[in-house]
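Peer 1: Heads up, the sequence shown is in my numbering, so the first residue is 1 and it goes up one at a time.
Where is the CB? At the ideal position from N, CA and C, for every residue including glycine.
All of these numbers come straight from a predicted model, not from anything done at the bench.
Got a structure for you, written out below as structure tokens; questions coming shortly.
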Amino acid sequence: MKNIRLGTRSSPLALRQASIVKNLLIQSTELTEDSINIIPITTSGDKYVNTKISDLGIKGVFTKELEIALLEDQIDIAVHSLKDMPAEIHPQLTISSYLKRDDVRDILIGFDKGIEYLPAGTKIGTSSLRREAQIKKYSQNLHVVPIRGNIGTRISKVGDEVDVIILAKAGIDRMSFTPDCYHIFGTDQMLPAAAQGIIAIETKLGSQAESFVKVLNDNDTMLAAECERAFLKGWEEVKFHYTGEHSSSCRIPLAALSQISNHTIHIKALVEDKGELFFENDVDNIENRNQLGHRVALKLGKIIFEK
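Structure follows, in structure tokens:
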């Protein structure tokens with residue numbers, strides 16, 4: 001390819017991630033600075049910043065408009081935070097490349113100890129149902145305050161609207177921001193969202209761009225992501241099987257993290273139901289990663305719906 005139109009959300013973090021992809025393409029291919037055009041696109045999630053994601057009732061609130069642009073040939077590739085992508089994407093589209101995973105952990109900003117040391121009544125800023133569910137395992141006396149907006153906006157609310165906030169450390173790192181006072185959660189303290197820390201490149205299936213961007217793909221990241229996303233897809237199927245309800249992962253507190261060792265893959269997953277947290281671990285050969293993710297969803301479904 002001689003030129004690429006790179007679509008991205010218009011937030012500062014998304015634009016930084018687009019620049020990361022652009023620079024990697026320049027380093028890894030014959031493309032130049034002038035041959036990659038970054039095209040910012042406003043998504044539904046960016047428009048309705050005062051509404052909780054779970055209340056918008058839209059699948060892919062941060063990806064839908066980018067996918068429409070791909071389908072209509074307005075852009076060649078779309079750059080996403082993979083954790084924002086629905087478990088199932090349009091059949092004419094594909095995830096063509098998974099960049100090497102960055103830090104999967106969450107970070108607490110505004111306090112330099114673990115969340116268990118926060119005083120009663122502390123206001124914690126987050127709009128993540130996953131984080132809210134796990135916060136409550138430490139204390140019922142901490143107040144979760146929904147906040148949205150870009151990283152800078154949310155950080156500016158610390159000490160004003162909220163006492164502390166929780167963000168993905170990968171985003172903080174990509175923006176080269178080092179807070180003065182913070183605590184990094186271990187994954188045993190705060191299990192991350194499925195595919196957290198991963199930048200993904202989406203293209204049209206069978207397009208020239210699909211094969212072109214594969215040069216950036218990190219295989220271990222791809223394997224782990226596929227397992228975690230199989231868990232998300234599996235949970236949606238399990239929930240429908242037991243309840244008849246269709247529900248996307250953004251409306252349910254879910255978490256998942258896969259780790260690869262030699263030829264095996266291990267996954268730890270979490271589902272919250274009626275205020276109770278349910279965890280499940282499993283391991284399998286990497287060739288069975290999709291079955292593994294789905295199997296863990298099925299196990300959790302049986303625990304929750306057949307109890």
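1. Determine the contact status of H266 and N285, defining contact as a CB-CB distance below 8 Å.
2. Go through its chain and collect everything with a Cβ distance to E280's Cβ below 6 Å, but skip five positions before and after it.
3. When the Cα of Q189 is compared with those of A133, T94, N3 and T8, which residue comes out closest?
4. Could you tell me the alpha carbon to alpha carbon distance between A120 and S97, rounded to whole angstroms?
5. Express the C-alpha separation of V79 and L223 in angstroms, rounding to a whole number.
6. With a cut-off of 8 Å, do at least 3 Cβ pairs link the region 70–84 to the region 7–19?
7. Pull the bridge partners of Q259 from the DSSP assignment, please.
8. Can you tell me which residues form a DSSP beta bridge with N281?
9. If I follow the unbroken beta strand (DSSP E) through S97, where does it start and stop?
10. From V144 to T178, what distance separates their C-alpha atoms?
11. Just to confirm the assignment, what range does the alpha helix (DSSP H) spanning H294 have?
12. Quick one: is K83 buried, meaning 16 or more other Cβ sit within 10 Å of its Cβ, or exposed?
13. Count the other CB atoms within 10 Å of the CB of P91; is the residue buried (16 or more) or exposed (fewer)?
14. Who are the near neighbours of A87 in its chain, counting only those whose CB is closer than 7 Å to its CB and skipping five residues on each side?
15. Would you kindly work out how many angstroms separate the C-alpha atoms of K137 and S127, rounded to a whole number?
16. Taking Cβ positions, are I38 and A18 nearer each other than 8 Å?
17. Buried or exposed: T203, going by 16 or more other Cβ atoms within 10 Å of its Cβ?
18. Checking contacts by CB at 8 Å: is L129 closer than that to chain D?
19. One question on the structure: do K169 and D112 come within less than 8 Å of each other, judged by their Cβ atoms?
20. Starting from the C-beta of E161, find all residues in its chain whose C-beta is less than 8 Å away, skip the five residues before and the five after it, and write them out in chain order.
21. Hey, could you find the ends of the alpha helix (DSSP H) P12 is sitting in?
Peer 2: So, from the listed chains and residues:
1. The sequence position of residue 266 within the sequence shown is 266, counting from 1. The sequence position of residue 285 within the sequence shown is 285, counting from 1. Not in contact: H266 and N285 (Cβ atoms no closer than 8 Å).
2. The residue you call residue 280 lines up with position 280 of the sequence shown. Answer for E280: A269, V296, K299 and L300, listed in chain order.
3. The residue given as residue 189 occupies position 189 in the sequence shown. For the residues A133, T94, N3 and T8, the minimum Cα distance to Q189 belongs to A133.
4. Position 120 of the sequence shown holds residue 120. Position 97 of the sequence shown holds residue 97. When rounded, the distance between both Cα atoms is 44 Å.
5. Position 223 of the sequence shown, counting from 1, holds the residue named residue 223. Position 79 of the sequence shown, counting from 1, holds the residue named residue 79. If you take the alpha carbons of L223 and V79, they lie about 19 Å apart.
6. yes
7. Residue 259 sits at position 259 when you count from the first residue of the sequence shown. Paired residue(s): H266.
8. Residue mapping note: residue 281 aligns to position 281 of the sequence shown, counting from 1. Looking at the DSSP assignment, N281 forms a beta bridge with K268.
9. Translated into positions along the sequence shown, residue 97 becomes position 97. Taken as a continuous stretch (DSSP letters only), the beta strand (DSSP E) holding S97 covers L93 to Y98.
10. Indexing the sequence shown from 1 puts residue 144 at position 144. Indexing the sequence shown from 1 puts residue 178 at position 178. Here the alpha carbons of T178 and V144 stand approximately 23 Å from one another.
11. The residue labelled residue 294 in the question sits at position 294 within the sequence shown. Looking at the DSSP string, the run of the alpha helix (DSSP H) that includes H294 is R289 to F305.
12. By one-based count along the sequence shown, residue 83 stands at place 83. Flag for K83 reads buried.
13. Walking along the sequence shown from the start, residue 91 turns up at place 91. So P91 counts as exposed.
14. Here residue 87 corresponds to residue number 87 of the sequence shown, with the count starting at 1. For A87, where only same-chain residues beyond five positions count, the Cβ hits under 7 Å are R229, L232, K233, E236 and S249.
15. Position 137 of the sequence shown, counting from 1, holds the residue named residue 137. Position 127 of the sequence shown, counting from 1, holds the residue named residue 127. The alpha-carbon atoms of K137 and S127 are separated by roughly 17 Å.
16. As a working mapping, residue 38 is identified with position 38 in the sequence shown. As a working mapping, residue 18 is identified with position 18 in the sequence shown. Yes. Within cutoff.
17. Counting from one through the sequence shown, the residue named residue 203 turns up at place 203. Answer is buried; the Cβ neighbour count reaches 16.
18. As a matter of chain content, chain D is missing from the structure shown, which is built from one protein chain.
19. As a working mapping, residue 169 is identified with position 169 in the sequence shown. As a working mapping, residue 112 is identified with position 112 in the sequence shown. It is not a contact, given that the beta carbons lie outside the stated cut-off.
20. Reading the sequence shown from its first residue, position 161 is the one you call residue 161. Contacts found: K123, G125, V145 and I147.
21. As a working note, residue 12 is residue 12 in the sequence shown. P12 -> alpha helix (DSSP H) spans P12 to S28.
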